[in-house]
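*Asks:* In the numbering used here, the protein residues as written are 33 to 96.
Note that beta-carbon positions come from the ideal geometry of N, C-alpha and C, so glycine has one too.
All values reported here derive from a predicted model rather than from experimental measurement.
This structure is in structure tokens; I'll ask about it shortly.
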């Protein structure tokens with residue numbers, strides 16, 4: 033397991049990337065990615081990211 037994703041460092045990583053625990057917005061996505069896109073396209077990407085996270089979360093709980 034990578035040192036960035038190990039349970040001991042998960043909180044630290046979250047604080048570094050998102051210290052105020054704000055939701056991902058189209059503006060923040062554009063800032064982080066450096067890509068120019070419409071709000072609609074950014075919303076689609078954010079929705080896909082959230083869906084992917086849910087799938088990974090569900091899979092991780094099936095393995096346990």
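Under a three-way DSSP split, which group does residue 73 fall into?
*Replies:* Looking at residue 73 - three-state DSSP - the assignment turns out to be helix.
*Asks:* What's the gap between the Cα of residue 60 and the Cα of residue 94?
*Replies:* Taking the straight line from one Cα to the other gives about 32 Å.
*Asks:* Counting along the chain, where does the alpha helix (DSSP H) carrying residue 53 start and finish?
*Replies:* Note, residue 53: premise wrong, no alpha helix (DSSP H); not H, not E.
*Asks:* Could you tell me the alpha carbon to alpha carbon distance between residue 55 and residue 64, rounded to whole angstroms?
*Replies:* When rounded, the distance between both Cα atoms is 13 Å.
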